[in-house]
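Have a look at the structure below, then the notes.
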Amino acid sequence: MQYEKLGVLEPLCIAFFDLTDSTHLKKQMGESRGVEMAMLHNREAAGMCGMYKGRVIKHIGDAILVVFDTPLEGMLAALDFIGKIHGEKLPFRTKIGLIQGIVTRIDINGTDFLGHAVDRCAKLIGHALPNQVLTDQTTMQLIEPFLKDFEQVVTRFLGIRQLKGVGKVPVYEMALAETGFINETGSAPDAQEDLLGQGDEKARPTMSAPLEKIDLPPLSIPARPEIPVADPPLERVLNLSAPTGSELDSVSVGYQNIKHILDQAYDLNIRQVFLSGSFARGAMIRPLHTIDVMAVMSPPREKQDSVAQMLQQLKDILAKGSPGSNIEIAVNQVILTQKDLAFGIIPVLVALENGQGRLMTPCKEGGFWIARNPAMPDQWMEQAAERNGPSFLPFLRLIKAWQKTNCGYVNSFHLELLTDMIASKIKLDISFESVYQWFWYTYNFMNQNKKPFIREPRSTDVYADEYIYSNSITFNRFSRILTDSYNLARQGIIYHRAGEHKMAMTRWKVLFGTYIE
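Take 0 as the starting number for the sequence shown in numbering that gives the first Met the number 0 and just add one per residue.
See the structure below:
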């Protein structure tokens, strides 16, 4: 029968080489010249693949389907083709996808291959930008052991992509160090649903497909207060201080990348990775500073490394999974910077003591582990936001604007607890009256207390403001700034109540700086 040979399974690397800009080229150069360009692309790609034992299976319009015996050969052919395009200034650009998998060979009117790997690769290439080489996690893991022999090759994890009909797939980019990675904001005008004739020509996207983003903690997404803003200038402060949608997307994608890398770090026995700190609590304002990421791990009891050893292990794993990123150890965390956005990855150990588990984090001064639940501030904020009503977080962001303008060294959690304490005495809304009241209470609290007085939640002996009182220089500095700020707020509210808004604004501008100008 004609299907007798159907069912021959082979492990192969499937590759698509697809000419980009083809529609634009045909419109610009004419149909005939555009077809010549497509033929040139396919011929040059086939020639390069042949040098690495690649077999061209078929031509699909402006693309070719090639199979390689190993993914390493596919990678080298793809990168050399990109290098040739750059080096010889060839008049076209390409997109390349590589997937290793088990495929079925069929021999009906020539050889062809069917299978999940072919479909997956056809979908993957629709996510590639011009002159970009993409692959999936399985293929990357097969190639990775050989990369140490190819110093000119660089790779990076791009995130989880939603491939239509396939699902969520971890996607990696491979590139030559001399040409570098492709800017992800670039367009891919000919990105297709797939290359197997299943996509709708009219439905082709005009930009590269978006990254699959992880949901952020609810409090981190600024929401408009359900009460009116009493004084319009403060609405400007809220607008300028709130993280933008683009920044939130960048945090989501960056966090997802870090989480994916750490989830693969099996040697560290990582149990959970989550966002924390002032960002997760909704108290971080622009410009965004380092975003905390907690990595909870449970190493064997006999293998409890020192803080320095654990931080070095984290750094090595992150550097391996995120090449090209700036990664450094900073006291009690590993700082990973991507596109001007910094993440601080903090190790958290689950330690057993007397048969009970407890959480250990590096102390802020570094060097040793201390018993502390890193999720405690985040859990407290959820309760505080619910307890104090919808204006609490927006008002807190006003205070953070003052902090960033005048005293950036003041701890965020300290201000959050202090604001909650004041909110228990008066109703805080988005008004200059509430701003003045906040400074009045804070000023008087400081004058009445000569030692730390703001306890951390669930603690009887840990104070959030201890760092202020334990250092005379910090104490005197903060006292001076607080006194000056209180006097400005007092003058501002006097002018405000008298209707002299221009005079009042001169005081508010000193307090809130560029956030209110």
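Here a beta-carbon is modelled for each residue, glycine too, at the ideal position from N, C-alpha and C.
When only Cα atoms are considered, residue 422 and residue 501 end up about 29 angstroms apart. Of the candidates 37, 166 and 109, the residue whose Cα lies closest to the Cα of residue 89 is 37.
Fewer than three beta-carbon pairs drawn from the segment 272-280 and the segment 317-335 are found closer than 8 angstroms, and the two stretches are therefore not classed as touching. Inter-segment contact for the segment 12-19 and the segment 60-69 is present: three or more beta-carbon pairs are separated by less than 8 angstroms.
In this structure residue 487 touches residue 510 by the C-beta definition: roughly 6 angstroms separates them, less than 8 angstroms.
Counting only the Cα atoms, residue 119 lies some 42 angstroms from residue 303. In this structure, the CA atom of residue 433 is about 26 angstroms from the CA atom of residue 450.
Rounded to the nearest angstrom, the gap between the Cα atoms of residue 140 and residue 258 is 17 angstroms. Collapsing the DSSP output to three states places residue 336 in a strand. When secondary structure is reduced to three states using DSSP, residue 380 falls in the helix class. Residues 94, 172 and 181 of the same chain have their beta carbon placed closer than 7 angstroms to that of residue 131, with the five preceding and five following residues left out of the count. Residue 134 is not a Cβ neighbour of residue 8, given a cutoff of 8 angstroms. Residue 327 sits in a strand when the DSSP states are folded into three classes. Here the alpha carbons of residue 392 and residue 446 stand approximately 26 angstroms from one another. Short of 8 angstroms from the beta carbon of residue 473, and not among the five residues preceding or following it, lie these beta carbons of its own chain, in chain order: 408, 466 and 467. The residues 64, in chain order, have a CB closer than 6 angstroms to that of residue 57 in the same chain once the five nearest residues on each side in sequence are set aside.
In the three-state DSSP reduction, residue 51 falls in the coil class, being neither helix nor strand. The Cβ atoms of residue 485 and residue 438 sit closer than 8 angstroms to each other.
A direct Cα-Cα distance of roughly 5 angstroms separates residue 494 from residue 503. When DSSP reads this structure, residue 106 sits in a beta bridge with 110. Nearest to residue 55 by alpha-carbon distance, out of 124, 15, 86 and 31, is 15. A contact is defined here as three or more CB-CB pairs under 8 angstroms, and the segment 76-84 meets this definition with respect to the segment 38-47. The C-beta distance from residue 429 to residue 233 rounds to 5 angstroms, short enough to fall under 8 angstroms.
Residue 404 holds the alpha-carbon nearest to the alpha-carbon of residue 285 among 68, 420 and 404. By the criterion of a C-beta distance shorter than 7 angstroms, residue 357 is surrounded in its chain by 350 and 370, once the five residues flanking it on both sides are discounted. The beta carbons of residue 290 and residue 250 sit closer together than 8 angstroms.
Between the alpha carbons of residue 411 and residue 100 lies a gap of roughly 50 angstroms. In this structure, residue 122 sits near residue 165, with a CB-CB distance shorter than 8 angstroms. Here the alpha carbons of residue 242 and residue 219 stand approximately 9 angstroms from one another.
Residue environment analysis places residue 116 among the buried positions, since at least 16 neighbouring C-beta atoms fall within 10 angstroms of its C-beta. Beta-bridge pairing by DSSP links residue 502 to no other residue. According to DSSP, residue pairing for residue 345 in a beta bridge involves 293. Taken through DSSP and simplified to helix, strand or coil, residue 100 comes out as strand. When the five nearest sequence neighbours on each side are left out, the beta carbons in the same chain lying within less than 6 angstroms of the beta carbon of residue 136 are those of 169, in order along the chain.
A residue is called buried once 16 or more other Cβ atoms fall within 10 Å of its Cβ, and residue 367, having fewer, is exposed. Ranked by how close their Cα comes to the Cα of residue 215, the residues 335, 279 and 497 have 279 in first place.
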